[in-house]
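Chemist: Going by UniProt numbering, the sequence shown opens with residue 1, and the numbers climb by one from there.
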Amino acid sequence: MSESRILDATSAILATGQHYADIPVERILEVADVSRSTFYQWFPDKRALILRLTGPLLEEFVATADRYWKEPSQARPEALADVVVELFASARRYRVIWRAYLETTSTDTRFGDNFRRGLHSYTIGIANRIRTEQAEGLIPADVDPDQASRFIVVAMQAGFSDVMQLDDDSHDRAFAEAMARSFWLTMYGRN
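1) Which class does D82 belong to by DSSP, given the choice of helix, strand or coil?
2) Helix, strand or coil: which one does DSSP assign to S4?
3) Would you grab the beta carbon distance between M187 and I139 for me? Rounded to a whole angstrom, and I think it's under 8 Å.
4) Go ahead and pull the three-state DSSP assignment for S182.
5) Assign G118 to one of two classes, buried (16 or more other C-beta atoms within 10 Å of its C-beta) or exposed (fewer than that).
6) Are the beta-carbon atoms of L80 and Y68 separated by less than 8 Å?
7) If the criterion is Cβ atoms closer than 8 Å, does the pair L14 and R52 meet it?
8) DSSP three-state call for T109: helix, strand or coil?
9) Which same chain residues, not among the five before or five after R150, have their C-beta less than 7 Å away from its C-beta?
10) Quick one, are the C-beta atoms of A176 and E103 less than 8 Å apart?
11) Hey, F88 and D172: beta-carbon distance below 8 Å or not?
12) How close, in whole Å, do the beta carbons of M164 and R95 come, if the pair is a contact with beta carbons under 8 Å?
13) Hey, how far is the Cα of D108 from the Cα of Y101?
14) Contact check, E86 vs T64 under 8 Å by CB: the rounded distance?
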């Protein structure tokens with residue numbers, strides 16, 4: 001199928017280290033061995049291409065994160081650390097695609113705005129969980145849900161980006177545990 005050839009070609013080009021913004025459509029056509037009209041049949045522009053390329057990764061990322069944030073029964077620091085480790089593994093496994101996606105969020109205003117809206121929406125979801133657990137007496141009343149959730153999302157985004165830059169994964173578990181502990185202490189104020 002032409003669509004998969006285009007996606008595979010784009011991934012292969014990204015694997016060479018080339019920045020997504022610098023890849024001309026002509027190069028993708030050449031590697032995929034498809035015509036320009038075939039490319040545009042599947043993708044109206046490169047923004048649509050990167051969205052399609054990252055769609056499954058984003059779904060996997062959100063599903064993994066949701067296992068902790070949407071499941072109150074998972075409210076244990078170990079469960080949170082396990083989720084962070086899985087997110088780091090995704091960062092490593094798909095690093096060239098994630099880099100292209102994050103690069104596009106900073107170079108394409110509309111794309112970046114959509115990304116920030118998604119982060120904001122997820123931040124609100126975490127804040128709502130914190131509020132629910134405050135109402136249940138599990139999280140201290142003096143924890144600001146909006147700022148705690150903001151801290152968690154911003155720190156996770158930074159950790160995710162950092163892990164993508166490193167080849168050595170031997171410290172990922174310890175790093176994830178440190179992050180999970182800081183998130184846990186931010187929310188619950190105790191071990």
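Backbone N, C-alpha and C define an ideal beta-carbon position, used for all residues, glycine too. Quick caveat: nothing in here was measured; it's all calculated off a predicted structure.
Modeler: By the coordinates alone:
1) In the sequence shown, counting from the first residue as 1, residue 82 sits at position 82. DSSP places D82 in helix when its eight states are reduced to three.
2) Sequence index remark: in the sequence shown, residue 4 carries index 4 (1-based). In this structure, S4 counts as helix in the three-state DSSP scheme.
3) For this step, residue 187 is matched to residue 187 along the sequence shown. For this step, residue 139 is matched to residue 139 along the sequence shown. Yes, M187 and I139 are in contact; Cβ-Cβ is about 5 Å, under 8 Å.
4) Along the sequence shown, read from residue 1 onward, the residue named residue 182 stands at position 182. In the structure shown, S182 sits in a helix (DSSP, three-state: H, G or I).
5) For this step, residue 118 is matched to residue 118 along the sequence shown. By the neighbour-count rule (16 or more Cβ atoms within 10 Å), G118 is not buried but exposed.
6) Sequence index remark: in the sequence shown, residue 80 carries index 80 (1-based). Sequence index remark: in the sequence shown, residue 68 carries index 68 (1-based). Contact: yes.
7) As a working note, residue 14 is residue 14 in the sequence shown. As a working note, residue 52 is residue 52 in the sequence shown. No, Cβ-Cβ distance for L14 and R52 is not below 8 Å.
8) In the sequence shown, counting from the first residue as 1, residue 109 sits at position 109. In this structure, T109 counts as helix in the three-state DSSP scheme.
9) In the sequence shown, counting from the first residue as 1, residue 150 sits at position 150. Excluding positions up to five away in sequence, the list reads T123.
10) In the sequence shown, residue 176 corresponds to position 176, counting from 1. In the sequence shown, residue 103 corresponds to position 103, counting from 1. No, the Cβ-Cβ distance between A176 and E103 is not below 8 Å.
11) Sequence index remark: in the sequence shown, residue 88 carries index 88 (1-based). Sequence index remark: in the sequence shown, residue 172 carries index 172 (1-based). For F88 and D172, yes; Cβs fall inside 8 Å.
12) One-based indexing of the sequence shown puts residue 164 at position 164. One-based indexing of the sequence shown puts residue 95 at position 95. That pair is a contact at about 5 Å.
13) Position 108 of the sequence shown, counted from the first residue, corresponds to residue 108. Position 101 of the sequence shown, counted from the first residue, corresponds to residue 101. When rounded, the distance between both Cα atoms is 10 Å.
14) Counting from one through the sequence shown, the residue named residue 86 turns up at place 86. Counting from one through the sequence shown, the residue named residue 64 turns up at place 64. Yes, E86 and T64 are in contact; Cβ-Cβ is about 5 Å, under 8 Å.
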